[in-house]
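Colleague: As you go down the protein sequences, you meet chains W, G and V in turn. The first sequence begins at 1 in the working numbering and counts up by one. The second sequence begins at 1 in the working numbering and counts up by one. The third sequence begins at 1 in the working numbering and counts up by one. Don't be surprised by glycine CBs; every beta carbon is placed ideally from N, CA and C. None of the values given here were measured: they were computed from a predicted structure.
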Amino acid sequence: MLLYKIFVDPFVQMGASPDLLIQTLWEGLVAGMLYALIALGFVLIFKASGVFNFAQGIMVVFGALTLVGLYDMLTHIGVSMPVAAAFIALGLTIVVMFFLAYGVEKIVLRPLINQPDIILFMATFGLTYFLIGMGELVFGGNPKIMISDQLYLPKGSIDLKIFGGLVSLQKIDIAAAIIASIMVAGLAIFFSKTRIGRALRAVADSHKAALAVGISLEQIWVIVWFASGLVALVTGIMWGARSEVSFALQVIALRALPVLILGGFTSIPGAIVGGLIIGIGEKLGEFYWGPLIGSGIESWLAYFIALVFLLFRPQGLFGEKIIERV
Amino acid sequence: MRERSSVDIAAGEALLAVENVSLSFGGVRAINDVSFDIRKGEIRAIIGPNGAGKTSMLNVINGFYHPQAGRITFKGTTRRAMRPHAAAAGGIARTFQNVALFKSMTTLDNIMAGRTLRMHRNFFWQLFRYGPAMAEEVVHRRRAEEIIDFLEIQHIRRVPVGKLPYGLQKRVELGRALAMEPELLLLDEPMAGMNLEEKEDMSRFILNMNNHYGTTIALIEHDMGVVMDLSDRVVVLDYGRKIADGTPEVVKKNQAVIDAYLGIAH
Amino acid sequence: MLYREAGQFKTSYASDQAVFPILQDRIGVIVILLIVFFVIPYFSNEFILQAVMIPFLIYALAAIGLNLLTGYTGLLSLGTGAFMGVGAYACYKLSTLYPDVHILVWIVASGFVAAAIGVFFGLPSLRIKGFYLAIATLAAQFFLQWCFVRIPWLVNYNVSNAIEVPTRTLGGIAVTGPNASPQTRYLIVLSIVVVMTWLASNLVRGRIGRMWMAVRDMDIAAELMGIRLLTTKLLAFAVSSFYCGVAGAMMVFLWYGGAEADTFNINQSFFVLFMVIIGGLGSLLGSYLGAALIFILPILLRFVPPQIGLTIHSATVEHLTFVIVGALIIFFLIVEPHGLARLWQIAKQKLRVWPYPY
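1. Give a yes or no on whether the minimum CB-CB distance between Pro82(W) and chain V is below 8 Å.
2. Given this structure, state the Cα-to-Cα distance separating Asp117(W) from Tyr132(V), to the nearest angstrom.
3. Taking the CB atoms as reference points, tell me whether Leu44(W) and Val224(W) lie closer together than 8 Å.
4. Of the choices Arg205(V), Ser191(V) and Val175(V), whose alpha-carbon is the least far from that of Thr362(V)?
5. Judging by CA-CA distance, which residue of Ile277(W), Ser243(W) and His76(W) is the nearest neighbour of Ala176(W)?
6. When you compare the CB positions of Val234(W) and Met183(W), do they come within less than 8 Å of one another, or not?
7. What first and last residue would you give for the alpha helix (DSSP H) that runs through Arg255(W)?
8. Go ahead and label Asn98(G) buried or exposed: buried means 16 or more other beta carbons lie within 10 angstroms of its beta carbon, across all protein chains shown.
9. Can you tell which of His222(G), Gly214(G) and Leu207(G) has its C-alpha closest to the C-alpha of Met191(G)?
10. Taking only three categories from DSSP, how would you classify Gln17(V)?
11. Which ranges does the alpha helix (DSSP H) cover as unbroken runs of at least 4 residues, wholly within the stretch 8-73 of chain W, from first to last along the chain?
12. Would you say Glu3(G) lies against chain V (beta-carbon separation less than 8 Å)?
13. Tell me whether Ile30(V) is buried or exposed, calling it buried when 16 or more other Cβ atoms sit within 10 Å of its Cβ.
14. Run the CB neighbour count on Asn122(G), radius 10 Å, all protein chains shown included, and call it buried at 16 or more, exposed below.
15. Can you tell me whether DSSP reads Pro182(V) as helix, strand or coil?
16. Rounded to whole angstroms, how far is the Cβ of Ala113(G) from the Cβ of Phe102(G), which I believe are closer than 8 Å?
17. Can you give me, in chain order, the residues of the stretch 112-124 of chain W that have a beta carbon less than 7 Å from any beta carbon in chain V?
18. Just the Cα atoms here: how many angstroms apart are Val252(V) and Ala88(V)?
19. Enumerated in chain order, which unbroken segments of the alpha helix (DSSP H) with a length of 4 residues or greater are wholly contained in the stretch 163-231 of chain V?
20. Consider the Cβ of Gly326(V): report whether some Cβ of chain W lies at a distance smaller than 8 Å.
21. Report the neighbours of Asn202(V) on chain G: residues whose CB is nearer than 7 Å to its CB, in chain order.
22. Using the Cβ count rule (16 or more neighbours within 10 Å means buried), how would you classify Val250(G)?
23. Looking only at its chain, what residues have a beta carbon closer than 7 Å to the beta carbon of Met1(G), apart from the 5 residues adjacent to it on each side?
24. Less than 7 Å between C-beta atoms, sequence neighbours within five positions excluded: which residues of the same chain meet that for Ala238(V)?
25. Tell me, which residues are paired with Pro357(V) by DSSP?
26. Counting only runs of 4+ residues fully inside the stretch 185-223 of chain G, write out the alpha helix (DSSP H) ranges in chain order.
27. Can you say whether Tyr98(V) is buried or exposed, counting buried as having 16 or more other CB atoms within 10 angstroms of its CB?
28. If we count the other Cβ atoms within 10 Å of its Cβ and call it buried at 16 or more, is Leu310(V) buried or exposed?
29. Let me know the secondary structure DSSP gives Met1(G) once reduced to three states.
30. In terms of residues, what are the limits of the alpha helix (DSSP H) holding Gln219(W)?
31. Use the C-beta contact count for Leu229(V): other C-beta atoms within 10 angstroms, 16 or more gives buried, fewer gives exposed.
32. Under a three-way DSSP split, which group does Leu151(G) fall into?
33. Are the C-beta atoms of Ala136(V) and some chain W residue less than 8 Å apart?
34. Using the three-state DSSP reduction, which class does Gln50(V) fall into: helix, strand or coil?
35. Is it buried or exposed, Gly245(V), if we count other Cβ atoms within 10 angstroms and call 16 or more buried?
36. Are Gly248(V) and Gly286(V) closer than 8 Å when you measure CB to CB?
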């Protein structure tokens, strides 16, 4: 009876109301794309500089907060048109994110470059808390609302009648999915086709060799950090638009870790696939298996999925097998 | 740690034998159908150009790598692959090419770590320390100090080994291996990076171990002078294959060996 | 000059391997013990005991637990909060199911429960290495926290999902619950923490400590020396979780007097980890120093500014704490990865030759 409940019934339910299934899959897809974006920012930096920037997650939140906070400040000092304020704030935020990324790389990560990964990992935790405290000091601790209207982000939803039921797709979700896909495709093309992209891959492979052929590491890193800051900001806007903007989002940021584990740390397609698996897996698990076990299993399901993967394939889906030599 | 089943090997008989061992990593054949034995009480050198598979061979003997083909016979027991714990419990100890010491621990602690297999006082005695656990610790401390005296490293007893110069680190590593009171000691390039004086010291230690304690020794070494002076028998590997096996004089004159070292195209 | 060891010769290996081989250290420790056991409870007011000393000791114990796992054995754990929670809830259930058994027995027993759970979540360490293992502990953290919320049996079906500590006595004196005085609770916490610290120091100085550190430094070499990796790692998880479990049980029973679902969240895990990092990975003294710094800091922030005329909100205190702690972590990891403990060692070295510079 129990076995039936676990292994058969959820699938029966899925089949029974396919519209609900599609709804759940859709939500998982969107969440997955956003996870993938977080992981992507991380992969970018790691590919280029070998640095584990686990603070990428918190930069997402920080970016969103900065945007909203700057918008508030601008309207307070008298910028009258909301749209203008919004886009000025956006521009300023991009600048802030850039300097933040650059500062983090120079002050925190560069000095630690030869230390074992665990040390870097812990340093970025410290950074995370630092940014949380800083953000709350500067912007105040109450949750805020993303300035979706002012940025012309779509609202409302499209309702589709499928399979005799109703599937409701939030327009903002559609926008998020589209934007995410564009970013990912853009980055993929950038990496493989452009001169700078090739330089980046060279740097990821070997710093010394890249230097030997005349690639400026500094320049590459600046570009990479800017790109990842941008990705973080876009992600933050999307997340914030779908829910609220507060440091509770940091829990989402931690979820980038399982995504990275699934996808490997150095692979862009891996980040996407990992993100989708986790996103969809979470939503499906919560909706169909949740009632069996208890609700809220979303909070830990991602980690369990990653854990199971690690047990069978310690290098992730796309990572390279590590052969230890003595 | 009780050894599972071991036969008492007489001096001169094979203590360890590898038969038809082959090892591959991905597409690379590191060891290709190699067989040789190591007799009890002898000093056996394993030589060959870089990349010949010598370190991989030691790793197979240790149980760190599992060969795709072949067998290993140690003290009468034949296995498809060695397990690290069985190797250690059976009396195989080892030093590494890149000095695998416990860098944050002191010399004394590293050597005491080598005594771990022989320390039996369980967790609860360890919790309380004073009493049987301390008594055991003192017994093994005494043995460790003997090794420290033997290797003349008293002055660096309490120094974290990460801070020591390379030559001393290699000596401490030797001490840690000796602490296991091994029957078979595997040395991976023990003389690498040493000057003449240090080499003479190390050679002296190796000979003393062999004469005094009767330890069987297998060593990988590039310095031909050392190999000729120290070893009883030599096995030569090249590109993963065995190309010679015999006493130093015989091997020295072997044309295939000369070709391999001079890099004559195969 | 004060710290000269000249003339202190050891004539046996046993005395050479004592905890505090240097006489000055030994005297120092005895003095500290006298102060904490006799002076402080007598002279301190309730506030210092309740808000400073008791939690400091509890966190120091948790920090020791985490240090054994992460500092000595090199296995990063982000599940400290959850393991503390396991100890707390286990103690609560045991104590409410069998109220006649001594509370101290249950505090120790809940340590064992936490140890068992710790071992279970430590099993992946056989296959997974380095900071990937952190994922397993993260899974433990979120899963166990979910359990604390979702399993009503744990909170005895209390609707608000919070637990309140019942009164328990020891020799006729109330030790837990609303009637227990801070002095009593302080002395009990102190005794437990002192004993457990002593036990931990015994472990790390002997065979087991060496095995742990060997696994941390170079697990391949350790394995080839005959050290069984899995049992060593699982032992580290067990002992570490035991310590965290006891700390958690004491936190609820002897400090807060109750707990909510959010008490043992991921922030707790991070904070204990920060104590260990700042205090010094691989050092028992460091656990105390780190706990002191991270715990005392917000208290200082809350009470010093009013003394000099500045007002400060409690929310700001929290934010400032995050900022300062985060910055300290980064600072220590870059400048002195061995934390305050190493700074203390360096100070002692200077003291040895003082007043000479070297």
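Modeller: With the structure as the only source:
1. Reading the first sequence from its first residue, position 82 is the one you call residue 82(W). False, the Cβ-Cβ gap to chain V never drops below 8 Å.
2. In the first sequence, counting from the first residue as 1, residue 117(W) sits at position 117. In the third sequence, counting from the first residue as 1, residue 132(V) sits at position 132. The straight-line gap from Cα to Cα measures roughly 10 Å.
3. For the purposes of this step, residue 44(W) is taken as residue 44 along the first sequence, with counting starting at 1. For the purposes of this step, residue 224(W) is taken as residue 224 along the first sequence, with counting starting at 1. Yes.
4. Absent from the model: residue 362(V). The displayed extent of chain V is 1 to 358, so no value can be given.
5. Reading the first sequence from its first residue, position 176 is the one you call residue 176(W). Nearest neighbour of Ala176(W) by Cα position, chosen from Ile277(W), Ser243(W) and His76(W), turns out to be Ser243(W).
6. Looking up residue 234(W) in the first sequence gives position 234. Looking up residue 183(W) in the first sequence gives position 183. Yes, they are a contact pair.
7. For this step, residue 255(W) is matched to residue 255 along the first sequence. Per DSSP, Arg255(W) lies in no alpha helix (DSSP H) segment and is marked neither H nor E.
8. Within the second sequence, residue 98(G) is the residue found at index 98, counting from 1. So Asn98(G) counts as exposed.
9. The sequence position of residue 191(G) within the second sequence is 191, counting from 1. Residue His222(G) is the option with its Cα nearest to Met191(G).
10. Here the question's residue 17(V) lines up with position 17 in the third sequence. DSSP, read as helix, strand or coil, puts Gln17(V) in coil.
11. 9-16 and 18-49, all fully within the stretch 8-73 of chain W.
12. Within the second sequence, the letter at position 3 stands for residue 3(G). Confidence at Glu3(G) is low in this model, with a pLDDT of 41, below 50, so the placement of that residue is unreliable and no value is reported for it.
13. Translated into the one-based positions of the third sequence, residue 30(V) becomes position 30. The residue is exposed, with fewer than 16 neighbouring Cβ atoms inside 10 Å.
14. Reading the second sequence from its first residue, position 122 is the one you call residue 122(G). So Asn122(G) counts as exposed.
15. Indexing the third sequence from 1 puts residue 182(V) at position 182. Of the three classes helix, strand and coil, the one that applies to Pro182(V) here is helix, per DSSP.
16. By one-based count along the second sequence, residue 113(G) stands at place 113. By one-based count along the second sequence, residue 102(G) stands at place 102. Sure, about 6 Å apart at Cβ, within 8 Å.
17. Residues of the stretch 112-124 of chain W with a C-beta less than 7 Å from any C-beta of chain V: Leu112, Asp117, Ile118, Ile119, Phe121, Met122 and Ala123, listed in chain order.
18. Along the third sequence, read from residue 1 onward, the residue named residue 252(V) stands at position 252. Along the third sequence, read from residue 1 onward, the residue named residue 88(V) stands at position 88. The alpha-carbon atoms of Val252(V) and Ala88(V) are separated by roughly 6 Å.
19. Runs of the alpha helix (DSSP H) inside the stretch 163-231 of chain V: 182-205, 207-217 and 219-224.
20. The residue you call residue 326(V) lines up with position 326 of the third sequence. With respect to chain W, the C-beta atom of Gly326(V) has a partner C-beta closer than 8 Å.
21. For the purposes of this step, residue 202(V) is identified with residue 202 of the third sequence, where counting begins at 1. Contact annotation for Asn202(V) against chain G: Gln126, Leu127, Phe128 and Arg129 [CB-CB distance below 7 Å, chain order].
22. Taking the second sequence and counting its residues from 1, one reaches residue 250(G) at position 250. Label assigned to Val250(G): exposed.
23. For the purposes of this step, residue 1(G) is taken as the residue at position 1 of the second sequence. Note that Met1(G) has pLDDT 37, beneath the 50 cutoff, so the model's placement of it is unreliable and no number is given.
24. In the third sequence, counting from the first residue as 1, residue 238(V) sits at position 238. Sequence-distant Cβ neighbours of Ala238(V) in its own chain, meaning closer than 7 Å and more than five residues away, are Ala115, Gly118 and Val119.
25. For the purposes of this step, residue 357(V) is taken as the residue at position 357 of the third sequence. Per DSSP, none; premise fails for Pro357(V).
26. Scanning the stretch 185-223 of chain G from its first residue to its last, the whole alpha helix (DSSP H) runs of 4-plus residues come out as 196-208.
27. Translated into positions along the third sequence, residue 98(V) becomes position 98. Answer is exposed; the Cβ neighbour count stays below 16.
28. Mapped onto the third sequence, residue 310(V) falls at position 310. Taking all protein chains shown into account, Leu310(V) has fewer than 16 neighbouring C-beta atoms within 10 Å of its C-beta and is therefore exposed.
29. As a working note, residue 1(G) is residue 1 in the second sequence. Its pLDDT being 37, under 50, Met1(G) is placed unreliably by the model, and the measurement read from it follows with that caveat. The three-state reading of DSSP puts Met1(G) in coil, since its state is none of H, G, I, E or B.
30. The residue labelled residue 219(W) in the question sits at position 219 within the first sequence. Start and end: Leu217 to Arg242.
31. Residue 229(V) sits at position 229 when you count from the first residue of the third sequence. With 16 or more other Cβ atoms within 10 Å, it is buried.
32. The sequence position of residue 151(G) within the second sequence is 151, counting from 1. It is helical.
33. Working through the third sequence from its first residue, we reach residue 136(V) at position 136. For Ala136(V), the answer is yes, since a Cβ of chain W falls inside 8 Å of its Cβ.
34. Your numbering for residue 50(V) matches position 50 in the third sequence. Residue state for Gln50(V) is assigned as helix, using DSSP reduced to three classes.
35. To locate residue 245(V), count along the third sequence from 1; it is residue 245. Result: buried.
36. Taking the first residue of the third sequence as position 1, residue 248(V) is located at position 248. Taking the first residue of the third sequence as position 1, residue 286(V) is located at position 286. Taking 8 Å as the Cβ cut-off, Gly248(V) and Gly286(V) do not qualify as a contacting pair.
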